[in-house]
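Notes follow once the structure below has been shown.
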Amino acid sequence: MASKKAASKSSVASDAYIGPITRSRSKGITQEQDQGSNVAQSILNKSKKEARPDVMSVMMADISTEAAMVDMERKVNFLMKVMEERDHEITALRDQM
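Numbering-wise (full-length UniProt numbering), the sequence shown opens with residue 1 and increments by one.
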């Protein structure tokens with residue numbers, strides 16, 4: 001009897017299972033997925049065909065940003081050294097008083 005219940009439950013479960021969402025045409029889900037896949041395919045095709053100047057500009061901006069950061073770091077280090085020298089000069093002048 002337990003096997004009959006299991007068999008009937010499995011048949012009910014298989015009846016309830018419709019399959020992947022893409023097979024549920026009655027609910028209109030397939031159209032939404034098809035539209036989404038069409039949009040994705042369109043974007044993919046465009047990205048393959050078009051050159052990516054925005055990526056190049058970002059890469060160049062990144063390089064120029066790195067160069068600017070290195071330059072600023074060098075200038076900050078120079079200014080810190082100048083400040084230390086002036087601090088020493090001020091200390092020496094105070095000691096003379």
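Idealized CB from N, CA, C, for every residue including glycine. Source: prediction; values computed, not measured.
Simplified DSSP assignment, three categories, for residue i
i      : result
His-88 : helix
Met-80 : helix
Met-97 : coil
Glu-32 : A caution first: Glu-32 carries a pLDDT of 47, below 50, which makes its placement in the model too unreliable to give a value.
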